[in-house]
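Mapping to full-length UniProt numbering: the sequence shown position 99 is 99, numbers consecutive.
Think of the CB as a built atom: it goes at the ideal place given N, C-alpha and C, for glycine as much as any other residue.
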Amino acid sequence: MNRRSELSEFLRSRRERLQPEHVGLERFEGARRVKGLRREELAQLARVSVDYYTKLEQGRVGNVSEPVLDAISLALRLDTAERSYLRELVSSAPARERSPEAQSGTVERVRPTLQRLLDCATTVPGYVVGRRCDVIAWNRMARNVFVDFELLPDRERNWGRLIFLHADVQALYADWTIKGMETVAYLRMARARHPHDDELSELVEELQQRSEAFREWWRRHDVLEKTHGRKWLRHPLVGELVLDHESFHIPGDPDQVLITYTAEEGSASDSALRLLSSW
Numbered sequence: 001m002n003r004r005s006e007l008s009e010f011l012r013s014r015r016e017r018l019q020p021e022h023v024g025l026e027r028f029e030g031a032r033r034v035k036g037l038r039r040e041e042l043a044q045l046a047r048v049s050v051d052y053y054t055k056l057e058q059g060r061v062g063n064v065s066e067p068v069l070d071a072i073s074l075a076l077r078l079d080t081a082e083r084s085y086l087r088e089l090v091s092s093a094p095a096r097e098r099s100p101e102a103q104s105g106t107v108e109r110v111r112p113t114l115q116r117l118l119d120c121a122t123t124v125p126g127y128v129v130g131r132r133c134d135v136i137a138w139n140r141m142a143r144n145v146f147v148d149f150e151l152l153p154d155r156e157r158n159w160g161r162l163i164f165l166h167a168d169v170q171a172l173y174a175d176w177t178i179k180g181m182e183t184v185a186y187l188r189m190a191r192a193r194h195p196h197d198d199e200l201s202e203l204v205e206e207l208q209q210r211s212e213a214f215r216e217w218w219r220r221h222d223v224l225e226k227t228h229g230r231k232w233l234r235h236p237l238v239g240e241l242v243l244d245h246e247s248f249h250i251p252g253d254p255d256q257v258l259i260t261y262t263a264e265e266g267s268a269s270d271s272a273l274r275l276l277s278s279w
C-alpha cells in the first residue's frame, strides 16, 4: 500500500465533503474552482500554515505531533474511526505491524476457550473475524442463520468475498447496500493497520476487479470500526429476522473480533432464532 497516496486521497476526500458554511466560514459569491474547502481554508481552521497543510496532504511531512493531528481532525470534522485511520496513515510504523503475528502468510486461529464460549451460545449466532475479515471461528447458530462456513473452502470464509461475490449471501441482507459499504470501510481500516499484509492487499485488488459496487465504494475512502448495530435479514427458512449485533475485541489479540447477534425477547425474530436453534 502506498501510504503517501492513501493519506493524500483521504485528506482530500474529507476536505471536499465540507463547505465553508458548514464550518463557520463566509462563503463568497461566485463559482468556486474546487469541490469543498480550499486548502487555505482548512489550514485556517486548523491553525497551521498553508504550506504545512499542503505538504501534509501531499504526504511530504514526517512525524506529525498529536496537537496538530487533533487540530486537523477537528477542522475536517473526522469521527472516531476516521481519526484513528489518519493516525495510522501518518505513522511511519503502525503498532500492529511490529508484531510477527500481523505479517503476511500467518494463519489466524482462535483460542480453544473462545471456541467453547461460542459453542455454549446455543441460541445466539456468533463468529470471530480476523484482520482480513476472515471468519476464523463460528458456532452452529451462525451456520444456521448466515451460511454454513464449514462447507466453504478456507479462502471463501471471508466477509469481503461473501458479501460481494456470493449472490445467496447478498440476498440474505435486506440492507445489503449498507452491509456492503460497511465491509468496504472495515477493509480500508484494516489495510491501513496492516499495509504490508500481501494477502489483504490481494483481497482488496480482487474485489476491485470483480465487483463494480466495491470499486465505487472504495473510492469514497470511508472507514469504520466494528461496533454495534441492527441488521435486517431475509432468511430462506424463517423469513424476516431483525437482529442486534455487538462486537468485542478479543483480549490478547486486538485484530480478532467476536460478533454476536440477538433479537428482542418475545419478538418474532426471537421465536425464529429459537426455531433455528432446534434444527
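Contact under 8 angstroms by Cβ, glutamate 6 with leucine 86:
no
Between the Cα of arginine 131 and the Cα atoms of Ser271, Val238, Leu74, Arg109, which residue gives the shortest distance?
Arg109
Bounding residues of the alpha helix (DSSP H) (the contiguous stretch that carries valine 90)
80-90
Methionine 141 and valine 124 look like a contact to me (Cβ under 8 angstroms); what is the Cβ gap, rounded to whole Å?
6 angstroms
Determine the DSSP secondary structure at lysine 55, reduced to helix, strand or coil.
helix
How close, in whole Å, do the beta carbons of valine 145 and histidine 235 come, if the pair is a contact with beta carbons under 8 angstroms?
7 angstroms
Is it a yes or a no for the stretch 154-169 touching the stretch 43-63, going by three-plus beta-carbon pairs under 8 angstroms?
no
Assuming methionine 1 contacts arginine 193 under a Cβ cut-off of 8 angstroms, what Cβ separation, rounded to an integer in Å, is found between them?
Contact flag wrong, Cβ pair sits at about 10 angstroms.
Apply the 10 Å Cβ neighbour rule to aspartate 253 and answer buried if 16 or more other Cβ atoms are within range, or exposed otherwise.
buried
Please say whether leucine 224 and glycine 160 have beta carbons closer to each other than 8 angstroms?
no
Give the C-beta separation of glutamate 21 and lysine 35 to the nearest angstrom, bearing in mind that I take them to be a contact with Cβ-Cβ under 8 angstroms.
Not really, about 15 angstroms apart at Cβ, beyond 8 angstroms.
Based on Cα-Cα distance, which residue from Arg111, Glu199, Glu265 lies nearest to glutamine 256?
Arg111
Based on the DSSP output, what are the partners of tryptophan 217 in its beta bridges?
Answer is none; tryptophan 217 lacks a bridge partner.
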